[in-house]
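Trainee:
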Amino acid sequence: SAVISQKPSRDICQRGTSLTIQCQVDSQVTMMFWYRQQPGQSLTLIATANQGSEATYESGFVIDKFPISRPNLTFSTLTVSNMSPEDSSIYLCSVVGDALGTDTQYFGPGTRLTVL
Amino acid sequence: KQEVTQIPAALSVPEGENLVLNCSFTDSAIYNLQWFRQDPGKGLTSLLLIQSSQREQTSGRLNASLDKSSGRSTLYIAASQPGDSATYLCAVSDSNSGYALNFGKGTSLLVTP
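Residue numbers (this note's numbering), protein chains in the order written: chain A, 15 to 130; chain B, 7 to 119.
#1: Would a check of beta-carbon distances place G80(A) closer than 8 Å to chain B?
#2: Ends of the beta strand (DSSP E) at S99(B)?
#3: Hey, is N38(B)'s beta-carbon within less than 8 Å of any beta-carbon in chain A?
#4: Any beta carbon from chain B within less than 8 Å of G66(A)'s own beta carbon?
#5: Identify which residue in A15(B), F42(B) and V19(B) has its Cα closest to the Cα of V98(B).
#6: Are the beta-carbon atoms of K7(B) and S34(B) separated by less than 8 Å?
#7: Under 8 Å: do the stretch 77-94 of chain A and the stretch 33-43 of chain A share three or more Cβ pairs, one atom per stretch?
#8: Between the beta-carbon of T128(A) and the beta-carbon of S23(A), is there less than 8 Å?
#9: Assuming S103(A) and Q51(A) are in contact, meaning their beta carbons sit under 8 Å apart, how far apart are those beta carbons, in whole angstroms?
#10: Would you mind telling me which residues of chain A sit closer than 7 Å to L49(B), beta carbon to beta carbon, in chain order?
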C-alpha cells in the first residue's frame, strides 16, 4: 500500500488569491492524479500529474486555473489560482501502479478549501 | 464518457442486517472496478478491487461482485455494524480513462444500534 500526505489539510482563502496544495507519497509511483469533490458531489478527475512533463487535464479544467507540478515520482503540487467561491471543494491526490504492485488506487486525506 | 450510477443514494438499516449496495456503469470496456469507503472529513479507503476478468472479491464481511456484460457491480455487507456507517463509492477505470477513475455519487449508509 501507499501512505500519502497532503498539505494543508484545510484552508480558508479570499476570493482572487491562489493556494498551492502539496501531495507527498512514501514510495515512487508512476501515476498520480488530482481529483476535486465539490460539496455533496462525488469525485471528479482534474488532471493526471506526469513526472517530467506537463499534466494532462480533463475537459473543463485548464492549466492556467489549476497548474500542476510533478518534479519527481513521490511529490506533486496542485495550485488553485484566482479562486472564487465555486472553487470551494475537497481536493484529493491519488496514486496507483508499479512500485505498489497493485492496481488499487490510494488516496490522500484531502485538502478542504473554503473560498470566501 | 463512462457514467457510474449508485443505488440507493442513502440507506438506513438496524445493526446486524445484511445489505446490498448497487453500482452500474455504461461502458463495459472497463479495466477494473473499485469500492471505496469515505468517512466524513476524511479521504477514501479502498475496500475491494475487482479486475475486469474477475467475477468477485471478498474481504472479511464484504463481498463485491462484477457482471461486466450487464454493467453492474454489487457490494454485499454481512452482519452490518454501526462502524460500517459511511459513504460507499463505486469507481471504474476504462480504456478512455486509463488508470484514472470515474466515480459514482455514492451510497450514504447509516447502521443504527
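Glycine included, C-beta positions come from ideal geometry on N, C-alpha and C.
Mentor: According to the structure shown:
#1: Working through the first sequence from its first residue, we reach residue 80(A) at position 66. Checking the sequence, you will find Phe at residue 80(A) rather than Gly. It does not: the Cβ of F80(A) has no partner Cβ on chain B nearer than 8 Å.
#2: Here residue 99(B) corresponds to residue number 93 of the second sequence, with the count starting at 1. Where S99(B) is concerned, the enclosing beta strand (DSSP E) stretches over A92 to D100.
#3: In the second sequence, residue 38(B) corresponds to position 32, counting from 1. It does: the Cβ of N38(B) has a partner Cβ on chain A nearer than 8 Å.
#4: Within the first sequence, the letter at position 52 stands for residue 66(A). It does not: the Cβ of G66(A) has no partner Cβ on chain B nearer than 8 Å.
#5: Numbered from its first residue, the second sequence carries residue 98(B) at position 92. The shortest Cα separation from V98(B) among A15(B), F42(B) and V19(B) belongs to F42(B).
#6: Indexing the second sequence from 1 puts residue 7(B) at position 1. Indexing the second sequence from 1 puts residue 34(B) at position 28. Result no, Cβ atoms of K7(B) and S34(B) do not sit closer than 8 Å.
#7: yes
#8: Position 114 of the first sequence holds residue 128(A). Position 9 of the first sequence holds residue 23(A). Their beta carbons are not under 8 Å apart, which means T128(A) does not touch S23(A) by this criterion.
#9: To locate residue 103(A), count along the first sequence from 1; it is residue 89. To locate residue 51(A), count along the first sequence from 1; it is residue 37. That pair is a contact at about 6 Å.
#10: What you label residue 49(B) is simply residue 43 of the second sequence in a count that begins at 1. The identity of residue 49(B) in the sequence shown is Gly, whereas the question assumes Leu. Simply L106, F121, G122, P123 and G124.
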